[in-house]
Each structure stands twice: as structure tokens, then as C-alpha cells.
Amino acid sequence: MASANELLDLLNCTIRFSTPEGEYEGLVRQVFSTAEIIIVGKLTLLPDRRMGTLNFRFSELANIRVINRPDSVQETSAEKKDVLPVYPKTEIEKLFDFDEGSDIEDGECVDNRQATYEMKLVPRLSKFVPKDFEIIDSFNKDFSLAIKHIRQQDAIGVSLEGIEISRSGTLTWLCVSTSCCNFLFDFLSLGEDAFKKGLKSILENARIQKIFHDCRLASDCLYHKYGVRLVNVFDTQVADFIVMMQMIQKDKINNRVNTLDACLSYYLEVPYDYLYGDAN
1 MASANELLDL
11 LNCTIRFSTP
21 EGEYEGLVRQ
31 VFSTAEIIIV
41 GKLTLLPDRR
51 MGTLNFRFSE
61 LANIRVINRP
71 DSVQETSAEK
81 KDVLPVYPKT
91 EIEKLFDFDE
101 GSDIEDGECV
111 DNRQATYEMK
121 LVPRLSKFVP
131 KDFEIIDSFN
141 KDFSLAIKHI
151 RQQDAIGVSL
161 EGIEISRSGT
171 LTWLCVSTSC
181 CNFLFDFLSL
191 GEDAFKKGLK
201 SILENARIQK
211 IFHDCRLASD
221 CLYHKYGVRL
231 VNVFDTQVAD
241 FIVMMQMIQK
251 DKINNRVNTL
261 DACLSYYLEV
271 PYDYLYGDAN
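Position 182, counted from 1, in the sequence shown is what the working numbering calls 182; the numbers after and before it change by one each time, with no gaps.
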């Protein structure tokens, strides 16, 4: 087993290594000595299966070889070369006042230039990602419009954020994405009434498909804390696991599920800079 010091020396290096699952190649992002965990990004399960970013225990790694020790300045410049376009305001802004309550006067921008709505995405991702977001922290017109808009959708993306999301944790944000807008419901401000005033009926609506990545703890939290029973869920982590089980060799067992980062990298080829990355 490689020591912590040996692995720390490999930070930002591209390495190739063996595990019980096969041979991997990727970029060392972080090394946690105490937990004996290494985070490897831009990962490929050789010969050609992109895996995004995964965590490995020190004890899992064998036959570690350095493929490349990059010059940090040159590599950084090369990785940042994507052109980030500017997008116009979208149709959803006709419904919402995105600047309500702002200290900035109409037509004024922070940098004193003409106000411009920017969404920094590489061009090939722009058609998949909603370009607007709305923070909902009170039961006002925006809350009602958001609920009305979400109810009209056939499918929505859902994510719960907070402290140890589960029946014993604390829900701080409930995020709902449609094709044109991300709605961030502030539960520290709204509380349980947000479900009573519309979110519960949406999450329990069998017509609307709810897309999660690993809905287990989210479902546990929603049901036991708020009495919300999720209906018509598509779990991308489960879907990915089924795909991987179909691809894996018959004499091997897939003993891990992939993170959202790994799935976005593998299926959509989302660049590392647009993923959670080191937060994993």
C-alpha cells in the first residue's frame, strides 16, 4: 500500500494504477492522509470508460505509475481555454422580477457598465442547462408563480441540500430545476408551510417525473420529517448502476455506485471545472 507521503507527492500528476476492479488512469486532485482517501479526477477505467471523479482508499491502489508530471502554469492555461459566451435574458424572466429587492437601480450594474445577463457555460452545455435561477424565501407572488410553472412540467430535477439530509438532519434548500429555470426554495425561511402551499402536491404528483441522483436520503427526509411520499422518481444513480452492470465483465462485480460528477463526466462529458470536483 502506498504511503500518504508518496501519494501527496503525486498531487496534480496523471497516474495509472490497478484496483480489484481493473486499471485506472486519472489526475490526482486531493489526498486525505488521516482518512487514507485519495480523490482522482478525469478518471478513465481503461481502456476507454470515462468515470469522472472517484474516491479510493489507499489500500485499494496497487502498481501506481506516473504518466505525467505537468508544468502547473502551462496546464492551468490549457485547461482554461474554453470560451464563455454571454446569453440574453430568457422567457422565464417575463414572469419573475429577478432584481426585486436589489440595491442596484434599474439599468445600473455593479461595475457601472450596461447591465448584462451572463451565464458562463461552454457552448455545448448551454442548451441543456437552465440559464435562470430564482431564490424563493417568502410566500409572495414569485412563490405562487414558481409553483404554477413547476406544475406545468412533465419532468423536473430535484435536489435537497442541508446538514446530513435524512429523517434526523436539517433541510436548508430544496432545489427544483425545469428546462428554463432553477428554483431554490429557502427552507430556513419558508419552513414546512412550503410543502403545504404546493411543493407536496408536486412531489406526490404521479404525472410529473422527479429526477434525482440517489434519492434514498432525500426520500427518507421528505417522508419522515414532512409526510411527503415521492412518486414517479427517476434515479440517475440507479440508472447508471444498471448500465454499468450490463457493461461489466461477467467475472467481476461492480461494488460501487457513481457520484453525480462521475455520471456527468461519463455521459455528458462535462468539463471538470463545471463539476463539484474537490467537494466530493
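Idealized CB from N, CA, C, for every residue including glycine.
Determine the direct distance from the alpha carbon of residue 22 to that of residue 4, and round the result to whole angstroms.
Going from the Cα of residue 4 to the Cα of residue 22 covers about 22 Å.
Beta carbon of residue 213 nearer than 9 Å to that of residue 178:
With a cutoff of 9 Å on beta-carbon distance, residue 213 and residue 178 are scored as not near each other.
In terms of residues, what are the limits of the alpha helix (DSSP H) holding residue 243?
Per DSSP, residue 243 belongs to the alpha helix (DSSP H) from 236 to 247.
One or two residues paired with residue 285 in a DSSP bridge
Since the displayed the chain opens at 1 and closes at 280, residue 285 lies outside it and no answer follows.
Can you pull the DSSP bridge partners for residue 265?
BP columns for residue 265 are empty, so no partner.
Rounded distance between the beta-carbons of residue 13 and residue 31, thought under 8 Å
Contact between residue 31 and residue 13 does not hold, since their C-beta atoms are separated by about 11 Å, which reaches or exceeds 8 Å.
Which of helix, strand or coil DSSP assigns to residue 29:
In the structure shown, residue 29 sits in a strand (DSSP, three-state: E or B).
Using 8 Å as the Cβ pair cut-off and three pairs as the minimum, do the segment 261 to 273 and the segment 214 to 222 touch?
When C-beta atoms of the segment 261 to 273 are compared with those of the segment 214 to 222, fewer than three pairs fall below 8 Å, so the two segments do not count as touching.
Leaving out five residues on either side along the sequence, give the residues of the same chain with a beta carbon under 8 Å from the beta carbon of residue 182.
The answer, listed in chain order, is 130, 132, 133, 134, 175, 176.
Once DSSP output is grouped into helix, strand and coil, what is the label at residue 55?
DSSP places residue 55 in strand when its eight states are reduced to three.
Would residue 136 be called buried (16 or more neighbouring beta carbons within 10 Å of its own) or exposed?
Buried is the call here.
Whole-angstrom C-beta distance between residue 197 and residue 158, which should lie under 8 Å:
With 8 Å as the limit, residue 158 and residue 197 do not qualify as a contact, their Cβ atoms being about 17 Å apart.
Nearest by alpha-carbon distance to residue 62: which of 51, 6, 53, 50 is it?
Nearest of 51, 6, 53, 50 to residue 62, Cα basis: 6.
Please classify residue 258: is it buried, with 16 or more other beta-carbons within 10 angstroms of its beta-carbon, or exposed?
Buried, since its Cβ has 16 or more Cβ neighbours within 10 Å.
Which residue or residues does DSSP assign as beta-bridge partners of residue 186?
For residue 186, which the question treats as bridged, DSSP gives the partners 173.
Should the segment 231 to 240 be regarded as contacting the segment 189 to 208, the criterion being three or more beta carbon pairs within less than 8 Å?
The segment 231 to 240 makes contact with the segment 189 to 208: 3 or more CB pairs, one atom from each, lie closer than 8 Å.
Extent of the continuous alpha helix (DSSP H) run through residue 143
For residue 143, the enclosing alpha helix (DSSP H) begins and ends at 141 to 151.
Nearest-angstrom Cα separation, counted from residue 275 out to residue 70:
When rounded, the separation of the alpha-carbon atoms in residue 70 and residue 275 is 21 Å.
Would you mind stating whether residue 39 and residue 54 have Cβ atoms separated by less than 9 Å?
Against a cut-off of 9 Å, the Cβ pair of residue 54 and residue 39 comes out as a contact.
With DSSP as the reference, label residue 21 as helix, strand or coil.
Residue 21 falls in the coil class under three-state DSSP.
Where the beta strand (DSSP E) containing residue 132 begins and where it ends:
Going by DSSP, residue 132 is part of the beta strand (DSSP E) stretching over 132 to 136.
Going by DSSP, what residues sit across from residue 68 in a beta bridge?
Looking at the DSSP assignment, residue 68 forms a beta bridge with 14.
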